[in-house]
Each structure stands twice: as C-alpha cells, then as structure tokens.
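First to last, the protein sequences are chains R and A.
Take 1 as the starting number for the first sequence in the numbering used here and just add one per residue.
Take 1001 as the starting number for the second sequence in the numbering used here and just add one per residue.
Yeah, the Cβ is synthetic: ideal placement off N, Cα and C, and Gly gets one too.
Let me begin by presenting the structure, written as structure tokens, before commenting on it.
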Amino acid sequence: MELSLNHRKEGDRTVLEVSGEVDVYTAPKLREKLVELVGEGHYEIVVDMSKVEFLDSTGLGVLVGGLKRVRSHDGNLALVCNQERILKIFRITGLTKVFPIYDTLDEALQDSE
Amino acid sequence: MSGVELHLPPHVQYVALARLVVTAAARQAGMSDERLEDLKIAVSEATANAIIAHASAESPEAVVLFFGATGDGMFEVTIRDAGPGFDPGPAEADMDREWASEGGLGVVLIRGLADDVQFVRGEGMKVHMRFGVGLNGTSH
C-alpha cells in the first residue's frame, strides 16, 4: 500500500494526515513533507497516524527529525495514534516519552500543552 | 527445519514484499495476529538493514531470506547479506541510547519483538530470529 499525505490548518495547528505504509522505501516522502511544512512556517504540527497501516524504524526516525525541526523554532509535534501495534513500537524504542501521543485528533487539538 | 528461501534484489522497495511473503508463511503456520505484527516489523527492519548494507557493498548476489516453522512451535527467519556487517552492540545498552540520533532504532525493535535473535558477523551479516507461533510467544 502506498503512502498518502494530506495537510490542513486547524486553528493555529497544522494537521498532517498520514495513511498507508511508512517504511524504508516510503519514509523519505514523509521526511520531505515535514521539511517542507517547517520551511513554510508550520511549527505546531499534529501528525494524525490513525490510518497508518505500518510504521518501521525509518518512519520513527523521520518523526524524531520532524520533532527536532519544529522544536528548533519553539514549536511542537504531537501524534495521534490509538492502534496498539503502532504504539507498541513507540514503547519499545522509548519514544512514548519523547512525543505527546493522543488517542484522537480532537484530544490533540484541545490540548493547549 | 524445512523452509522457503527468498532471494531479493538489493533495492529497498522489496522490503514490503519480504514482509508480505514471510507473514503469509507464518499465518499459514498458525501464528496469531498479534505475533504476526511483531514478525512483520522485525522482518522489515532486518531486511531493510540487509538490503542497505548489501547495496553499499555492490555485491552481485541477492539478499537471502530463509524462513519456516520448526517442530517446536517456533517460526524462524534468517536473513543473509554480503554487506560489511555491523556490531549490534550490547542488548542492555539499547534503552540508554540518546535520541539525538535518528538511526539505529531497527536493532532495538528486532530485539524487542523477536523471542530470540542472533547477529552473526562473518562474510557479510546473518541475522537469525525466532518467534513463538502461539498467542504470547515464549518471552512476551
């Protein structure tokens, strides 16, 4: 399954909806999109991963890279994910302590940090 | 163990095919859905490492996966490449790593998801992983 990326503004946040498989082959596309968004001045990003079918370590690395980019502009990058199989890889790698992770997009948007 | 051998060209687009084929074989062997997810990620990580290392060595050989169920309720996957190999480091150090780096998470995932894994550096690299077919595996 291909990777598909769509972004929109929700108040002062930018929601990036990711669907499909994020792996070593498709992750560069996600990296480019995050670099592009930060370059355009989007520093408060919510990555909605509700429709992600698969995520590997390359995808994790790209998300960490995105987090570092927005933080260098005093921004933040939050994740929306309620799928156990995806959350498990964030737990194993210790990244649940690095990203704010929400069950739903509404919760992510309501939280003013 | 009787098993299936899969030869992959050293291009990262074949990682998706590798995880599909290996998980299909494990499903057929009766692996639970939860364990199939673990297997899928670990195979992807090890195959991606092998393909990238292999491509860097410009070897004309293929990356080789050998996999199948064993008689003792396990499913085994061995992935061989002709790349320069790597030192996976001590397992216990994984959780102390610094997150400044964007790489190196693959080995952490393989160790966290497989019931048993051996990294053998010889001529190239061989990664041998074992997964319990049952609901909780042997160590999860």
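Here's the rule: buried if 16 or more other CB atoms are within 10 angstroms of the residue's CB, otherwise exposed. What is residue i?
{"i": "Glu10(R)", "result": "exposed"}
{"i": "Pro1010(A)", "result": "buried"}
{"i": "Ser1139(A)", "result": "In this predicted model, Ser1139(A) has a pLDDT of only 45, less than 50, meaning its place in the structure is not dependable; the value taken from the coordinates is given anyway. The residue is exposed, with fewer than 16 neighbouring Cβ atoms inside 10 Å."}
{"i": "Pro1088(A)", "result": "buried"}
{"i": "Leu16(R)", "result": "buried"}
{"i": "Asp56(R)", "result": "buried"}
{"i": "Gly1071(A)", "result": "exposed"}
{"i": "Gly1124(A)", "result": "buried"}
{"i": "Arg8(R)", "result": "exposed"}
{"i": "Asn1049(A)", "result": "buried"}
{"i": "Tyr102(R)", "result": "buried"}
On the DSSP bridge list, what partners appear for residue i?
{"i": "Gly20(R)", "result": "Val52(R)"}
{"i": "Glu1076(A)", "result": "Gly1068(A) and Arg1130(A)"}
{"i": "Gln1118(A)", "result": "His1128(A)"}
{"i": "Val1021(A)", "result": "Beta-bridge pairing links Val1021(A) to no other residue."}
{"i": "Thr104(R)", "result": "In the DSSP output, where bridge partners are listed per residue, Thr104(R) has none listed."}
{"i": "His1011(A)", "result": "Paired residue(s): none; His1011(A) is not in a bridge."}
{"i": "Glu44(R)", "result": "Asn76(R)"}
{"i": "Leu109(R)", "result": "For Leu109(R), which the question treats as bridged, DSSP gives no partner whatsoever."}
Tell me, please, whether the CB atom of residue i is closer than 7 angstroms to any CB atom in chain R?
{"i": "Ser1032(A)", "result": "no"}
{"i": "Val1012(A)", "result": "yes"}
{"i": "Met1106(A)", "result": "For the sequence presented, residue 1106(A) should be read as Gly rather than Met. At least one chain R Cβ lies under 7 angstroms of Gly1106(A)."}
{"i": "Ala1048(A)", "result": "yes"}
{"i": "Ser1044(A)", "result": "yes"}
{"i": "Val1112(A)", "result": "The question names Val, yet the displayed sequence has Gly at residue 1112(A). It does; some Cβ of chain R falls within 7 angstroms."}
{"i": "Val1015(A)", "result": "yes"}
{"i": "Leu1036(A)", "result": "no"}
{"i": "Leu1020(A)", "result": "no"}
{"i": "Leu1109(A)", "result": "yes"}
{"i": "Gly1083(A)", "result": "no"}
Looking only at its chain, what residues have a beta carbon closer than 6 angstroms to the beta carbon of residue i, apart from the 5 residues adjacent to it on each side?
{"i": "Thr1078(A)", "result": "Phe1066 and His1128"}
{"i": "Val1064(A)", "result": "His1007 and Arg1080"}
{"i": "Arg1121(A)", "result": "Gly1085"}
{"i": "Val1012(A)", "result": "Ile1051"}
{"i": "Lys115(R)", "result": "The structure shown has nothing for residue 115(R), since chain R only spans 1 to 113."}
Any beta carbon of chain A sitting closer than 7 angstroms to that of residue i?
{"i": "Ile92(R)", "result": "yes"}
{"i": "Val118(R)", "result": "The question about residue 118(R) has no answer, for chain R in this structure spans 1 to 113."}
{"i": "Arg85(R)", "result": "yes"}
{"i": "Asp56(R)", "result": "yes"}
{"i": "Ile60(R)", "result": "As written in the sequence, residue 60(R) is Leu, which differs from the Ile given in the question. Chain A, which has a Cβ nearer than 7 angstroms to the Cβ of Leu60(R), makes this yes."}
Give me, in chain order, the residues of the same chain whose beta-carbon lies closer than 7 angstroms to that of residue i; leave out the 5 immediate sequence neighbours on both sides.
{"i": "Leu1020(A)", "result": "none"}
{"i": "Gly1132(A)", "result": "Arg1035, Gly1073, Met1074, Asp1115 and Thr1138"}
{"i": "Glu44(R)", "result": "Asp12, Arg13, Thr14, Gly75 and Asn76"}
Please list, in chain order, all residues of the same chain as residue i whose beta carbon is under 8 angstroms from its beta carbon, the five residues on each side excluded.
{"i": "Ala1018(A)", "result": "Leu1006, Leu1008, Val1043, Ser1044, Thr1047 and Leu1065"}
{"i": "Leu1001(A)", "result": "Before going on, a small fix: residue 1001(A) reads as Met here, not Leu. Cβ neighbours of Met1001(A) beyond the five flanking positions: Gly1068, Ala1069, Thr1070, Gly1071 and Glu1076."}
Report task. Check whether the region 44-51 of chain R touches the region 1040-1053 of chain A, taking contact to mean three or more Cβ pairs, one atom from each stretch, closer than 8 angstroms. Result -> Touching, no.
Query raised in the report: How about the region 63-81 of chain R and the region 1115-1131 of chain A: do they share at least three Cβ pairs that are nearer than 8 angstroms?
Result: With a cut-off of 8 angstroms, the region 1115-1131 of chain A and the region 63-81 of chain R do not count as touching, because too few Cβ pairs lie within range.
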